[in-house]
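Student: Input: one structure, supplied below.
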Amino acid sequence: MNGAERYFALAGERGELGHAFLLEGEDPEVLLKTAGRIAQRILCEKGTACGVCESCRAALSGNHPDIITVTHEKPDTLSVGEIRAQLVDDMEIRPYRSARKIYLVPDAGKMNPQAQNALLKTLEEPPAYGMILLLADNRNRFLPTVLSRVATLRCEEESGGEEKETSGSARLIRLLRRLQTADAAELAKAASELKSDGVSAEETFELLTYLWRDELIVKAGGKTRLRFAEAADMLEDWAEALSWADEDRVFAAIQEGKAKLKANGNPDVALEVFLLELRELLRKA
Ligand SMILES: [Zn+2]
């Protein structure tokens with residue numbers, strides 16, 4: 000999470016989310032990814048960007064009907080026609096399935112003055128469900144009338160090496176892919192990283208339950224309707240390696256982990272124990 004995301008997480012918890020923002024930063028990709036994560040969190044059924052709920056799955060697949068990314072045809076201009084059709088007029092239509100409808104506007108600095116003016120009324124009086132995230136490299140590209148109607152947030156990927164994962168599920172799957180070669184210290188570190196990303200042990204076990212349901216579908220020879228289609232190759236390897244008795248053991252270990260958490264066990268330990276058990280079964284196979 001970078002600073003802008005933390006802002007939205009806090010404002011969301013307090014129920015103080017505004018309607019119009021300018022995310023300012025040098026890297027357009029970082030801006031768009033950050034805006035996508037912010038939108039995912041706001042629309043998440045649990046308010047956490049859990050990665051599990053229907054809304055998060057739709058957001059992660061890029062097909063959320065209430066997250067709209069405004070596009071432009073000419074490389075250097077975002078025209079008034081494009082702003083009207085894709086944002087101003089579209090916002091009149093109520094959200095499809097969520098409480099909010101969120102517009103991401105990459106290259107918003109390429110709006111000419113006409114396009115910016117077309118946006119003013121919507122910025123001033125958006126419907127209660129409407130939210131606009133303008134993305135740009137420099138706030139000086141905007142008219143003062145626009146700037147006075149948006150909250151500007153600086154947005155940079157935090158340094159510290161590897162790229163931040165988009166969600167708990169992406170992080171978990173990455174961890175599981177390394178499971179067979181990781182040593183205990185690496186597992187402990189990865190488990191605590193999940194938590195520092197705001198994914199609780201309860202949520203991790205919930206993700207594991209869904210993942211294991213996918214694994215059983217794959218084991219039974221099915222491949223369609225997987226919740227974690229991005230992990231299908233890993234699940235196929237596991238399905239081949241694990242016997243049905245092993246499958247039962249893993250399922251039991253997930254249930255055991257959940258029970259430990261309910262009994263107020265140490266969440267880090269519960270997760271590590273599970274990961275070590277799964278690793279043993281995979282290595283033995
Ligand atoms: Zn969610």
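For the sequence shown, counting from 1, position 102 maps to 101 in numbering that gives the first Met the number 0; every step adds exactly one.
All C-beta atoms in this analysis are idealised placements derived from N, C-alpha and C, irrespective of residue type, glycine included.
(1) Could you check where the alpha helix (DSSP H) with Thr208 kicks off and where it finishes?
(2) Does DSSP put Glu161 in a helix, a strand or coil?
(3) Taking 7 Å as the cut-off, is the CB of Ala48 close to at least one heavy atom of ligand 1?
(4) In this structure, how does DSSP classify Tyr128 when only helix, strand and coil are distinguished?
(5) Within 10 angstroms of the Cβ of Ile92, are there 16 or more other Cβ atoms? Answer buried if so, exposed if not.
(6) Beta carbon of Ile131, beta carbon of Ala19: below 8 Å?
(7) Measure the C-alpha to C-alpha separation of Cys154 and Leu9 and round it to an integer number of angstroms.
(8) Specify the secondary structure class of Val104 as computed by DSSP and reduced to three states.
(9) Going by alpha carbons, who is nearest to Val249 out of Leu260, Glu279 and Leu186?
(10) Nearer than 7 Å: is that true of the beta carbon of Ser78 relative to any heavy atom of ligand 1?
(11) Could you check the C-alpha separation between Ala150 and Gln254 for me, to the nearest Å?
(12) Does the distance between the C-beta of Ser54 and the nearest non-hydrogen atom of ligand 1 fall short of 7 Å?
(13) Quick check on Lys100: buried or exposed, where buried means 16 or more other Cβ atoms within 10 Å of its Cβ?
(14) Looking at the structure shown, is Thr180 part of a helix, part of a strand, or coil, going by DSSP?
(15) Under a Cβ-count criterion, where at least 16 other Cβ atoms within 10 Å of its own Cβ denotes burial, should Asp213 be classed as buried or exposed?
Tutor: Put simply:
(1) As a first step, residue 208 must be located in the sequence shown, where it is residue number 209. In this chain, the alpha helix (DSSP H) harbouring Thr208 covers Ala200 to Lys218.
(2) One-based indexing of the sequence shown puts residue 161 at position 162. Residue placement at Glu161 is poorly supported in this model, since its pLDDT is 38, which falls under 50; the coordinates still yield a value, given next. Taken through DSSP and simplified to helix, strand or coil, Glu161 comes out as coil.
(3) Counted from its first residue, the sequence shown places residue 48 at position 49. Yes.
(4) For this step, residue 128 is matched to residue 129 along the sequence shown. Correct three-state label for Tyr128: coil.
(5) If you number the sequence shown from 1, residue 92 lands on position 93. Ile92 counts as exposed, since fewer than 16 other beta carbons sit within 10 angstroms of its beta carbon.
(6) As a working mapping, residue 131 is identified with position 132 in the sequence shown. As a working mapping, residue 19 is identified with position 20 in the sequence shown. Yes, they are a contact pair.
(7) For this step, residue 154 is matched to residue 155 along the sequence shown. For this step, residue 9 is matched to residue 10 along the sequence shown. Cys154 and Leu9: Cα-Cα distance of roughly 16 Å.
(8) Numbered from its first residue, the sequence shown carries residue 104 at position 105. In this structure, Val104 counts as strand in the three-state DSSP scheme.
(9) As a position in the sequence shown, residue 249 is number 250, starting the count at 1. Comparing Cα positions, the closest option is Glu279.
(10) Numbered from its first residue, the sequence shown carries residue 78 at position 79. Answer for Ser78: no, Cβ out of range of ligand 1.
(11) Your numbering for residue 150 matches position 151 in the sequence shown. Your numbering for residue 254 matches position 255 in the sequence shown. Rounded to whole angstroms, Ala150 to Gln254 spans 45 Å at the Cα level.
(12) Locating residue 54 in the sequence shown gives position 55, where the first residue counts as 1. Correct: Ser54 has its Cβ closer than 7 Å to ligand 1.
(13) The residue given as residue 100 occupies position 101 in the sequence shown. Label assigned to Lys100: buried.
(14) Locating residue 180 in the sequence shown gives position 181, where the first residue counts as 1. Here Thr180 sits in coil by DSSP.
(15) By one-based count along the sequence shown, residue 213 stands at place 214. Asp213 is classed as buried because its beta carbon has at least 16 other beta carbons within 10 Å across all chains shown.
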